[in-house]
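Data block below; observations after.
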Amino acid sequence: MSHENYIPVPAPDRRPRRLRSTPAMRELVAETALRPADLILPMFIADGLSEAREISSMPGVHQHSTDSLLRTAHEALEAGIRCIDVFGVPRDEDKDADGSESWNPEGVLNKALGALRQEFGDDLLIMADTCLDEFTDHGHCGVLSTDRFGNIIVDNDATLPLYQKMAVAQARAGAHIVSPSGKMDGEVLAIRDALDAEGFQDVAIMAYSSKYASAFFGPFREAVGSSLQGDRRTYQQDPANARESLMEVQLDIDEGADFVMVKPAMPYLDVLAEVAKMSPVPVAAYQVSGEYAMLQAAGRNGWVDLDAVMMESLIGIKRAGADQILTYFAIEAARKLRG
Ligand code: PBG
């Protein structure tokens, strides 16, 4: 059959390709833009390290010493990033059932927050991870107790006062933002009350409002040397559910959250889009360790173009509705955006 036998079709009068014809045209009509200041860099400070140690499942991401933490934070600021999120990695011998090292002013995280605030003042926002799991010897995000049937449970209400102590210690050390990620009910209200009572009205709360019990957190467990046995399914959300995220977000806003978050990002873009529609406060999304590790692994194998999938994944998260994106790619992506 030759082409003369094709039935002629009328030319379309709508031609979407007109708006894709040149780089200038594509830039003119781009609906979504990513800025370096949209990106938040998560960082790990480890006790007792004299130099940075790379996390094997997260190539390019390190457990930091104080020196390398400050050096990398400077690189972030120079790339145009305005906020870093700091996680503490204490020594095993400093972990206990309550995670008390988390509110010790001399603890690894609080000392690092102080050093960062001293170094950067208000030029770089210092956000602290406000969760016990890095500091407990059992690795759970709250304290354990026994219910009336003899089962070991993560005790919601007994955990709240510990989060209050931790958040106040972080504010005192110099954090601009605290970020409760433990998924205890009522944690935002408890922390807001404690911060206000101690005179820290200016310290903001970024709430991990919609956080799923996700296998994509896998590499993070190596990053923080987690002691966890088992899982977090009694406090983090079931991946099958979207609707409850809207309630979680609403509750956290009512309790005083200044930002809400959806986490992980890429497998939960539907949730992110719904939250972005209803939230009156900024909505952050966290591209977690497993998302980072997957893209790195495929990139390092030559199966995808790493720079291209990095930027595509971030613009996708922004397009779905994120105002801020926590990502381990923050410095590389910000540098690319600056050209
Ligand atoms: C808990 C916490 C986790 C992450 C951030 N905060 C781990 C978990 O809930 O098990 C995961 C971050 C990542 O995977 O990049 N404090």
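Take the sequence shown: its position 193, counting from 1, is numbered 193 in UniProt numbering, and each next residue is one higher. Quick reminder that beta carbons are idealized off the backbone N, C-alpha and C, glycines included.
Nearest-angstrom Cα separation, counted from residue j out to residue i
i           : j    : result
H74         : I55  : 20 Å
K318        : H138 : 36 Å
D196        : A204 : 11 Å
D307        : S313 : 10 Å
L70         : E119 : 8 Å
H62         : D305 : 23 Å
L116        : P180 : 20 Å
E291        : A298 : 11 Å
D202        : R172 : 12 Å
M58         : I7   : 55 Å
E222        : R53  : 12 Å
T146        : A215 : 26 Å
Q170        : D85  : 12 Å
S102        : M166 : 6 Å
L77         : R335 : 11 Å
M266        : G150 : 38 Å
Y208        : D92  : 26 Å
A284        : L251 : 16 Å
D94         : R243 : 39 Å
P219        : E51  : 20 Å
residue 340 : F87  : A question about residue 340 goes unanswered here, because the residues of the chain that appear run from 1 up to 339.
D270        : S245 : 11 Å
DSSP-derived helix/strand/coil call for residue i
i    : result
E27  : helix
H176 : coil
G88  : strand
A79  : coil
A46  : strand
A7   : The amino acid occupying residue 7 in the given sequence is Ile; Ala does not appear at that position. Correct three-state label for I7: coil.
Q324 : strand
D38  : helix
Q236 : coil
E93  : helix
E54  : strand
Buried or exposed by the 16-neighbour rule on C-beta atoms within 10 Å, applied to residue i
i           : result
Q237        : buried
V154        : buried
V178        : buried
N110        : buried
I45         : buried
M25         : exposed
D129        : buried
M310        : buried
A30         : exposed
L28         : exposed
T327        : buried
residue 415 : Here the chain comprises residues numbered 1 to 339, so residue 415 is not present and cannot be evaluated.
residue 342 : Because residue 342 is not part of the residues shown, which for the chain are 1 to 339, the question remains open.
Q229        : exposed
L162        : buried
D38         : buried
G142        : buried
Check: residue i C-beta below 8 Å from any heavy atom of ligand 1
i    : result
P267 : no
G186 : no
E134 : yes
S210 : no
L306 : no
D202 : no
V154 : no
R233 : no
D147 : no
F216 : yes
L228 : yes
Y163 : no
C141 : yes
D252 : no
Y6   : no
P12  : no
G174 : no
C83  : no
V178 : no
S313 : no
G290 : yes
P239 : no
G107 : no
Below-9 Å beta-carbon distance, residue i vs any chain C residue
i    : result
S145 : You won't find chain C in this structure, because it holds only one protein chain.
Can you check the stretch 122-186 for any alpha helix (DSSP H) of at least 4 residues that lies completely inside it and give the ranges in chain order? Listed in chain order, the complete alpha helix (DSSP H) runs (minimum 4 residues) inside the stretch 122-186 are 156-173.
Would you mind listing the alpha helix (DSSP H) stretches within the stretch 258-317 that are 4+ residues and don't spill past its ends, in chain order? 269-278 and 289-300
Whole beta strand (DSSP E) elements within the stretch 178-231, 3-residue minimum: 204-211
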